[in-house]
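Everything in the sequence shown is counted per this note's numbering, starting at 62 for the first residue and increasing by one.
Working notes for the structure below.
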Amino acid sequence: MKKKEGFALLFVLIIILVLTAFLAVGMALVLNIQKSLKVSFDVTLKADEVANAGIEDAISWFKRQLTQPVTEFSPQGSDTEDPATGLVREYLISGNIYGRYEVRKNEVIDVSSERGLQQQGTIWKLTSYGYVFQKLDNNNKFNESPNKILGQSKVSTEIRRVGINLPIKAAILAEKNVKIGKGGRVRAASGSNAIATKGNKVTNNGEIVGTCLEKQHMSLNPQAVFGLSLNELSNLADISVSSISELPEKLPSSALIYIDGNAQFTRDRPLNGGGILIVNGNLVIHAGSNSSFTGIIYVAASSNYHQQAPSLITGCLVVTGSELNIEGTGEVSEIDYDKNIIDTMKRRVGLYRRSTPLIKEVMQ
62 MKKKEGFALL FVLIIILVLT AFLAVGMALV LNIQKSLKVS FDVTLKADEV
112 ANAGIEDAIS WFKRQLTQPV TEFSPQGSDT EDPATGLVRE YLISGNIYGR
162 YEVRKNEVID VSSERGLQQQ GTIWKLTSYG YVFQKLDNNN KFNESPNKIL
212 GQSKVSTEIR RVGINLPIKA AILAEKNVKI GKGGRVRAAS GSNAIATKGN
262 KVTNNGEIVG TCLEKQHMSL NPQAVFGLSL NELSNLADIS VSSISELPEK
312 LPSSALIYID GNAQFTRDRP LNGGGILIVN GNLVIHAGSN SSFTGIIYVA
362 ASSNYHQQAP SLITGCLVVT GSELNIEGTG EVSEIDYDKN IIDTMKRRVG
412 LYRRSTPLIK EVMQ
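Structure, rendered in structure tokens:
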């Protein structure tokens, strides 16, 4: 009897050992699978990053071109490692793992006419391929054995150029009548005018240096000035908010800023910065704000503009509303035309930027 019990106990122990071994092997397999999946997932994410780096480099290339808008995508010299392919770069990630992106010339397409635009080179579709590969032989290509592709990605987006077309060289371009009150000052520069308005009258109780042009035939709508709708400008803006409380404490020196609503700048919240400021609402610069802005201010739709002292706008002011009033009490509220600043903002702010989200595409 005891002998049978001993065999039974031994059998149970053997079963337990076998099951334990199976569990250990199974756990090891699960851990290996999880590790493999994690590595695969990490490599895929890294390939996405590499492809996105190609998009950013391509946008930078478009911005750097001296002739604008760009009508041909053809990177040369130090811009690329393979001009025949397009914009190509390889770089070290870690150890013998490298990243490579290709923005191929035949997949960078001018789609301006497809979007209903006459100006070629305004909208481009960019496609970038990102690869993560193991480099085992420097003499072979990234996709040639023994080198091995570990992950790959394909992304695309569209970029758009923000055009800036000011119909008349003037410190102020206005849809309706203009009032320069006491303490208000408007200065033209050589070869420019102080004020150009479609309205019948410029009322001057302040100081105007330069010519005032009344009853002008010009278009000041967003499409005419920027080649874009207000909604498109909002989507393209570096900063797009519905209230000045959402603006960063310090505005950039050259950015496209869009405010969808009324904006009032005060002593506690002055308008200091530069670039292109678009306000789809009334814009008021209150007395005591000590505001200073360089670039182009565009007040859209039927909105009005009121500027008080001390304040200085250098560049150009465009107002499409029915009321434009500049005045100061004890100090000066001033607008100065500056062609150099306008040209600088055209180069810095009006250049190409993403107009659609990044889309991940299926690799063929």
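Where a beta carbon is used, it is the ideal one built from N, C-alpha and C, also for glycine.
Check                                                                                                                                     : Outcome
Spatial distance of Asn266 from Leu187 (CA atoms)                                                                                         : 53 angstroms
Cutoff 6 angstroms; reference Gly260; Cβ partners in own chain excluding five residues on either side                                     : Lys237, Asn238
Neighbourhood of Glu151 by C-beta distance below 6 angstroms, restricted to the same chain and skipping five residues each side           : Tyr159, Arg161
Contacts around Glu395, its chain only, beta-carbon distance under 6 angstroms, and the 5 residues preceding and following it disregarded : Arg246, Leu373
Distance between Phe123 and Val164 (C-alpha atoms, nearest Å)                                                                             : 12 angstroms
Endpoints, alpha helix (DSSP H) assigned at Ile403                                                                                        : 400-409
C-alpha distance - Val345 paired with Cys273, whole-angstrom precision                                                                    : 23 angstroms
Per-residue burial, Gly411 [other beta carbons within 10 Å of its own, 16 or more giving buried]                                          : buried
Limits of the unbroken beta strand (DSSP E) element including Glu422                                                                      : 420-422
Which listed residue (Lys400, Lys276, Val193) has its alpha carbon closest to that of Thr33                                               : Not covered by the structure: residue 33. The range shown for the chain is 62 to 425.
Beta strand (DSSP E) runs wholly inside the segment 328-389, at least 3 long, in chain order                                              : 333-340, 344-346, 352-360, 366-368, 372-380, 385-387
Residue interval of the alpha helix (DSSP H) (run including Ser295)                                                                       : 291-297
Span of the beta strand (DSSP E) around Gln195                                                                                            : 184-195
Expected contact under 8 angstroms - CB spacing of Arg330 and Ile305 to nearest Å                                                         : 6 angstroms
Integer-rounded CB distance, given that Ile184 should sit under 8 angstroms from Tyr416                                                   : Per the sequence shown, residue 416 should be read as Ser rather than Tyr. About 7 angstroms separates the two Cβ atoms, so the contact holds.
Exposed unless 16 or more other CB atoms sit within 10 angstroms - verdict on Gly191                                                      : buried
Start and end residues, alpha helix (DSSP H) containing Val286                                                                            : 283-287
Nearest-angstrom Cβ-Cβ length linking Leu294 and Pro283, presumed shorter than 8 angstroms                                                : 6 angstroms
Contact set for Lys262: own chain, Cβ-Cβ below 8 angstroms, skip 5 residues either direction                                              : Asn238, Val239, Glu275
Closest Cα partner of Phe203 within the set Ser280, Leu153, Glu388, Ala249                                                                : Leu153
Three-pair Cβ contact test at 8 angstroms for the segment 125-139 versus the segment 106-116                                              : no
Distance between Val104 and Ser97 (C-alpha atoms, nearest Å)                                                                              : Low per-residue confidence applies at Ser97: pLDDT is 40, beneath 50, and the placement is therefore not dependable, though the value from the model is reported in the following sentence. Cα to Cα, the separation comes out at about 11 angstroms.
Selected residue, minimal CA-CA separation from Ile337, among Ser352, Ser350, Ser314                                                      : Ser314
Option in Ser217, Tyr359, Asn343, Ile225 with minimal Cα separation from Ile287                                                           : Checking the sequence shown, residue 287 turns out to be Phe, not Ile. Comparing Cα-Cα distances from Phe287 to each of Ser217, Tyr359, Asn343, Ile225, the minimum goes to Ile225.
Of the listed residues Arg221, Leu289, Lys243, nearest to Val172 (C-alpha basis)                                                          : Arg221
Residues near Lys209 by beta carbon distance below 8 angstroms, same chain, minus five either side                                        : Phe194, Gln195, Leu197
Secondary structure of Glu110, DSSP reduced to three states                                                                               : helix
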